[in-house]
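Remarks on the structure that follows.
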Amino acid sequence: MTTIKTKKSFLNYSHTIGICVMDGRGFMFPVDTAIGKNGRLHTVSRAYTPAVFQLRITMYDINSNFYGVYGGYGENLGEFRWPTGMASDKYGNIYVSDELNHRINIFSEEGKPIKYWGETGINEGELNGPSGIAFDSDDNIFVADHLNNRIQKFTKDGDFISSFGDKGQDTLNMPWGLFISADEFIYVADWGNDRIAKYDTNGKLIRCFGNRGSQNGQFKNPSGVAVDNDGYIYITDWGNERLQILDKNGNFIETYRGESTLSKWGEEYMDGNYEEAEPRSRSNLEPDPTQFGGNPHEESAHIEKYFWGPTSVKLDDSGRVYITESNRHRVQVYERSK
Amino acid sequence: MTNNNSDIKLIAHLLRRAGFGATKDELDKYNSIGYENVVDALIDNNNSQRINDALVRRYFPDQSVTHDQVGGGAYFLYRLLLTDSPLREKIALFWHNVFATGYSKVTNGKPLSDQLRMFRDHGLSKLDKLLLKLSKDPAMIIWLDNIDNHNGAINENYGRELLELFSMGVGNYSEEDIKECARAFTGWSIANSDYIKELAVRNSIMPYGKLAWRYEYKENDHDNGEKTFLGHKGNFNGEEIIKIICEQPATARFISRHLYHFFVADEPPVPAWPYKEPQDSEAIDILEKAYFDSGYDIGEMIRVLFNSEFFKSERCHYKKIKSPAELAGNILRTTNEFTEPSIKITEYNSQIGFMGQTLLNPPSVEGWHQGTEWIETGSLTERVNFASQQLGDISKPGIKKIIENIIKNEGNSISAQICVDKCLEQLGAIETSQHTYKILVEFAQNNGISDINLVNDKENATKKISELMSVIGSVPEFQQS
């Protein structure tokens, strides 16, 4: 693999959005973000058992303006138990996969529940742990059916179209995030195989990128993938707690460990909580990473600015990159350097 | 009774104490290598390949972070159910009770889970090494206020409990020794101590969730002056204090009693030890000798213990009441419900709490009082209901397999007595009193298992056997170890 040397950083850190709170404005173990109409962002919090009341989708924008929450725990319309993947159709409706209810939920752009679909099972058209989701240009939805080790394609109303990835050689292993590129290729974060798989629209495997490891161009359990209009591939390398960028041929471009600063919501919290803000200001939240035995999970547990549990990467039309971090309850935003 | 059966019963006893029980299939495998080799394998092996940490983190971000005692406890239970090295989890459970540290004050799951990992990794090593790890453990530093133990302004909480509850026991040191011990541990703190302490007190999750904690030695806050401790004089730091502690016969006796109490037979609660002699002084003498002969090596003490006659003796079989974690661990390993992390583990962890043992949150620094204190009206109902529901649930793969094993070699029919024998054998070579045995046979006779054709009416036979298994879950011999 060729490494392309870049003189300047490919991405520039912009800012962070989010705060860890149990309800309302903020997140609790967020796992994915959808970019809706008019720059509206929707981030789903997975929360945890037994604190299931903290499950919700938070609406906000790039400037941290908050527009409310919707969704909640359960099995009825507008409810979910293990929300995982998010995507927006061309009308701005928000789709949310649910790994435990084995279904896809649909909400309006304002968060009003519309419907859900999905049957549990292993046959074609049935779902077993739907994880990442993405739309193609025809508004068909692709679902990473992770426990069936395949990708399934449906109309947005849930009519089965096709499936692939679970037959022949190089089958998928518990796929997580996926992305449909502008040139209509399907990129899959093949979580259990530690690689990115690229398919054409007929489900034919074109190639795979990477293998298990921590070197440049290698992955440990990648969770998310996105491709920009120039063909650059962005991967949340979840097990290595980093973002990696490859060019369209799979050549390594750059890796990022995270640069989070205090979010606007975090600043507001600190403004009202001197008892925490003052000792925080005297604290070293960036200790030397070498003391953690080369374990990225531990490094991220101790170094607050690092990605910790980067579960998805999304791109907007302005070239911004959004990395959702489940374990740090926030979204780090980056921009392409000029 | 054949030798082979004796061996299996002994290995079953060992696995109940050193692990979380074993089914007949597992016992047959263990038996093929012999008792002493099983002991060695339990102590020397650390195989946990079936534990899928990546999948735990994918499904349960709160367990990835070990946000609180719920996620941390569920993860502990998951390990306990999946591990192929049950003694590693058992020793973590042992030290979790001796060096009891709780979420109620720590308010952060990760330092507690880190502490359990430390117990798992070092709980079978030498005591001086373990006490050193413990003294640098961030959860302990918050739990017993060593964060407030400063040069010139000591907080003696950790120094006191190190001597009273963690090593020597009351009556073997003076109040002055406690103060001198505390002085030696001044400066043993955690990084960002003011901020971490504030977050812990407020149980704050903001701005970005709970931070991990790490040990930090603050040299400027350490009292370098001369100290007199247990008759020794010098400019002691914590390391020297631990060395002196480990040299004490009282420490050998205290740790020996703890091991006996946990692995052999219930003793009175620790606060009564200064006033009550051990029930088996000879056994304690043997363990004390092993302590010094091995250079304070806990693993070697346990090797001696498991190979001793006092442990093997049938007099101590079924004389311990299983803790809720041991009981649930035994049951859920038997049902074999989990091959992957599941949301059900969190539910079962809650049920362990209902039985009186909330993992990662012991009631006080004394840990959980064991023995008959596990049994009170509410907890007994929870224990019996849990065992009966699980062992009678034919949807569980482990139960299904056990029933198939019982049926497959019996031809067309099975008598009530043989059915009871087979169930007890399959559940881990369980021996019962004559009284219990009679009740079980009567139950099996009344439920009509002997009238059913095992070949033609397998469904009904399965149901009847599962009912018997359900009753076995409630009998004292199953609830005990």
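Order-wise, the sequence lines are chains A and B.
The first sequence begins at 1 in this note's numbering and counts up by one.
The second sequence begins at 1001 in this note's numbering and counts up by one.
For glycine and all other residues, C-beta sits at the position ideal for the given N, C-alpha and C.
Quick one: any contact between the region 1084 to 1094 of chain B and the region 73 to 86 of chain A, if contact means 3 or more CB pairs under 8 Å?
-> no
Within 9 Å (strictly less), CB to CB, does SER1189 (chain B) reach chain A?
-> Indexing the second sequence from 1 puts residue 1189 (chain B) at position 189. No, SER1189 (chain B) lies away from the interface with chain A (no Cβ there is under 9 Å from its Cβ).
Thinking ASP1278 (chain B) and VAL1056 (chain B) are a contact (beta carbons under 8 Å), I'd like their distance in whole angstroms, please.
-> To locate residue 1278 (chain B), count along the second sequence from 1; it is residue 278. To locate residue 1056 (chain B), count along the second sequence from 1; it is residue 56. Note that residue 1278 (chain B) is Pro in the sequence shown here, rather than Asp. Contact flag wrong, Cβ pair sits at about 41 Å.
How many angstroms separate the CA atom of ILE303 (chain A) from the CA atom of ILE253 (chain A)?
-> Here residue 303 (chain A) refers to the residue found at position 303 of the first sequence. Here residue 253 (chain A) refers to the residue found at position 253 of the first sequence. ILE303 (chain A) and ILE253 (chain A): Cα-Cα distance of roughly 24 Å.
Measuring only between beta-carbons, confirm whether ARG330 (chain A) sits less than 9 Å from chain B.
-> Residue numbering aside, residue 330 (chain A) sits at position 330 when the first sequence is read from its first letter. So yes, ARG330 (chain A) belongs to the interface.
Could you say if the region 1240 to 1247 of chain B and the region 1297 to 1308 of chain B meet the contact criterion of at least three C-beta pairs nearer than 8 Å?
-> no
Tell whether a beta-carbon distance below 9 Å holds between GLN1390 (chain B) and THR1432 (chain B).
-> Counting from 1 along the second sequence, the entry for residue 1390 (chain B) is found at position 390. Counting from 1 along the second sequence, the entry for residue 1432 (chain B) is found at position 432. Taking 9 Å as the Cβ cut-off, GLN1390 (chain B) and THR1432 (chain B) do not qualify as a contacting pair.
Compare the C-beta of LEU1199 (chain B) with all C-beta atoms of chain A and state if any pair is closer than 9 Å.
-> One-based indexing of the second sequence puts residue 1199 (chain B) at position 199. So yes, LEU1199 (chain B) belongs to the interface.
Chain B residues whose Cβ lies nearer than 8 Å to that of TYR256 (chain A) | Counting from 1 along the first sequence, the entry for residue 256 (chain A) is found at position 256. Ordered by position in chain B, no residue passes the 8 Å Cβ test against TYR256 (chain A), which lies about 17 Å from the chain.
Of the choices B:LEU1287, B:ARG1333, B:GLN1417 and B:ALA1325, whose alpha-carbon is the least far from that of THR1358 (chain B)?
-> In the second sequence, the residue the question calls residue 1358 (chain B) occupies position 358. For the residues B:LEU1287, B:ARG1333, B:GLN1417 and B:ALA1325, the minimum Cα distance to THR1358 (chain B) belongs to B:ALA1325.
Residue of B:LYS1126, B:ASN1203, B:GLY1209 and B:ALA1250 minimising C-alpha distance to TYR1173 (chain B) | Numbered from 1 along the second sequence, position 173 holds the residue referred to as residue 1173 (chain B). Selected option, being the one with the closest Cα: B:ALA1250.
Take the Cβ of VAL1420 (chain B) as the centre, count every other Cβ of all protein chains shown within 10 Å, and call the residue buried at 16 or more, exposed below.
-> Locating residue 1420 (chain B) in the second sequence gives position 420, counting from the first residue. By the neighbour-count criterion, in which a residue is buried when 16 or more other Cβ atoms sit within 10 angstroms of its Cβ, VAL1420 (chain B) is buried.
Segment contact flag, the region 1199 to 1207 of chain B with the region 1276 to 1296 of chain B, C-beta cutoff 8 Å, min 3 pairs = no
Could you round the C-beta distance between SER337 (chain A) and ASP32 (chain A) to whole angstroms and report it? I think they count as a contact, below 8 Å.
-> Translated into positions along the first sequence, residue 337 (chain A) becomes position 337. Translated into positions along the first sequence, residue 32 (chain A) becomes position 32. Their Cβ separation, rounded to whole angstroms, is 26 Å, which puts SER337 (chain A) and ASP32 (chain A) out of contact at 8 Å.
By a C-beta neighbour count over all protein chains shown, 10 Å radius and 16 as the cutoff for buried, is PRO1271 (chain B) buried or exposed?
-> Translated into the one-based positions of the second sequence, residue 1271 (chain B) becomes position 271. It is exposed - the Cβ of PRO1271 (chain B) has fewer than 16 other Cβ atoms within 10 Å.
Taking the continuous beta strand (DSSP E) assigned at VAL225 (chain A), which residues delimit it?
-> Position 225 of the first sequence, counted from the first residue, corresponds to residue 225 (chain A). Taken as a continuous stretch (DSSP letters only), the beta strand (DSSP E) holding VAL225 (chain A) covers 224 to 227.
Do you know how far the Cα of ALA1191 (chain B) is from the Cα of LYS1227 (chain B)?
-> What you label residue 1227 (chain B) is simply residue 227 of the second sequence in a count that begins at 1. What you label residue 1191 (chain B) is simply residue 191 of the second sequence in a count that begins at 1. Roughly 26 Å separates the two Cα atoms.
Expected contact under 8 Å - CB spacing of PRO175 (chain A) and ILE141 (chain A) to nearest Å | Here residue 175 (chain A) is taken as the residue at index 175 of the first sequence, counted from 1. Here residue 141 (chain A) is taken as the residue at index 141 of the first sequence, counted from 1. Not a contact, Cβ separation roughly 15 Å.
Check whether the Cβ of ASP1177 (chain B) lies closer than 9 Å to any Cβ atom in chain A.
-> To locate residue 1177 (chain B), count along the second sequence from 1; it is residue 177. ASP1177 (chain B) does not count as touching chain A.
Say whether chain B places a C-beta atom closer than 9 Å to the C-beta of LEU181 (chain A).
-> Residue numbering aside, residue 181 (chain A) sits at position 181 when the first sequence is read from its first letter. The sequence given here has Ser at residue 181 (chain A), not Leu. By this cut-off, SER181 (chain A) is not an interface position.
Please determine if the region 1144 to 1156 of chain B and the region 1249 to 1263 of chain B are in contact, where contact requires at least 3 C-beta pairs separated by less than 8 Å.
-> no
Would a C-beta distance cut-off of 9 Å place GLY71 (chain A) and PHE107 (chain A) closer than the cut-off?
-> Your numbering for residue 71 (chain A) matches position 71 in the first sequence. Your numbering for residue 107 (chain A) matches position 107 in the first sequence. For the 9 Å CB-CB criterion, GLY71 (chain A) and PHE107 (chain A) form a contact.
Nearest chain B C-beta to ARG40 (chain A) closer than 9 Å, yes or no?
-> The residue labelled residue 40 (chain A) in the question sits at position 40 within the first sequence. No, ARG40 (chain A) does not count as interfacial toward chain B.
Scan the region 1057 to 1075 of chain B for residues whose Cβ lies nearer than 9 Å to a Cβ of chain A and list them as they occur along the chain.
-> Cβ contacts with chain A come from ARG1057, ARG1058, TYR1059, PHE1060, PRO1061, ASP1062, GLN1063, SER1064, VAL1065, HIS1067, ASP1068, VAL1070, GLY1071 and ALA1074.
Exposed or buried, which one is GLU1156 (chain B) when buried takes at least 16 other CB atoms within 10 Å?
-> Indexing the second sequence from 1 puts residue 1156 (chain B) at position 156. It is buried - the Cβ of GLU1156 (chain B) has at least 16 other Cβ atoms within 10 Å.
Same chain, Cβ closer than 8 Å to HIS1122 (chain B), five either side skipped, listed in chain order | The residue given as residue 1122 (chain B) occupies position 122 in the second sequence. So the list reads LYS1129, LEU1130 and LYS1133, once near-sequence residues are dropped.
Assigned exposure category for ILE1178 (chain B) - 16 Cβ within 10 Å defines buried | Sequence index remark: in the second sequence, residue 1178 (chain B) carries index 178 (1-based). ILE1178 (chain B) comes out buried.
With DSSP as the reference, label TRP191 (chain A) as helix, strand or coil.
-> Stepping through the first sequence from its first residue, residue 191 (chain A) is reached at position 191. Three-state result, TRP191 (chain A): helix.
Whose C-beta lies closer than 7 Å to the C-beta of GLY192 (chain A) among residues of the same chain, with five residues either side of it excluded?
-> By 1-based counting over the first sequence, the position of residue 192 (chain A) is 192. Cβ-Cβ distances below 7 Å link GLY192 (chain A) to ASN173 and MET174 in the same chain, with the five nearest sequence neighbours on each side left out; the list follows chain order.
How about GLY231 (chain A) and LYS220 (chain A): do their beta carbons lie closer than 9 Å?
-> Your numbering for residue 231 (chain A) matches position 231 in the first sequence. Your numbering for residue 220 (chain A) matches position 220 in the first sequence. Result no, Cβ atoms of GLY231 (chain A) and LYS220 (chain A) do not sit closer than 9 Å.
Interface partners of THR1432 (chain B) on chain A, CB under 9 Å | Within the second sequence, numbered from 1, the residue matching residue 1432 (chain B) stands at position 432. Simply none; closest approach about 37 Å.
Under the assumption that ASN12 (chain A) contacts TYR334 (chain A) (Cβ atoms under 8 Å), give the Cβ distance between them as a whole number of angstroms.
-> Within the first sequence, the letter at position 12 stands for residue 12 (chain A). Within the first sequence, the letter at position 334 stands for residue 334 (chain A). Indeed, because the Cβ distance is near 6 Å, the residues count as touching under 8 Å.
For THR2 (chain A), is the classification buried or exposed, using 16 other Cβ atoms within 10 angstroms of its Cβ as the cut-off for buried?
-> Counted from its first residue, the first sequence places residue 2 (chain A) at position 2. Unreliable placement is indicated for THR2 (chain A), whose pLDDT of 49 sits below 50; the coordinate value is still reported in the next sentence. Result: exposed.
Distance between PHE185 (chain A) and LYS204 (chain A) (C-alpha atoms, nearest Å) | Numbered from its first residue, the first sequence carries residue 204 (chain A) at position 204. Numbered from its first residue, the first sequence carries residue 185 (chain A) at position 185. Going from the Cα of LYS204 (chain A) to the Cα of PHE185 (chain A) covers about 10 Å.
Is the region 1436 to 1453 of chain B touching the region 1042 to 1060 of chain B in the sense that three or more CB pairs, one from each, lie closer than 8 Å?
-> Contact annotation: the region 1042 to 1060 of chain B does not touch the region 1436 to 1453 of chain B, with fewer than three C-beta pairs closer than 8 Å.
May I have the straight-line CA-CA distance separating VAL1038 (chain B) from LEU1027 (chain B), to the nearest angstrom?
-> Translated into the one-based positions of the second sequence, residue 1038 (chain B) becomes position 38. Translated into the one-based positions of the second sequence, residue 1027 (chain B) becomes position 27. Each residue's alpha carbon lies about 10 Å from the other.
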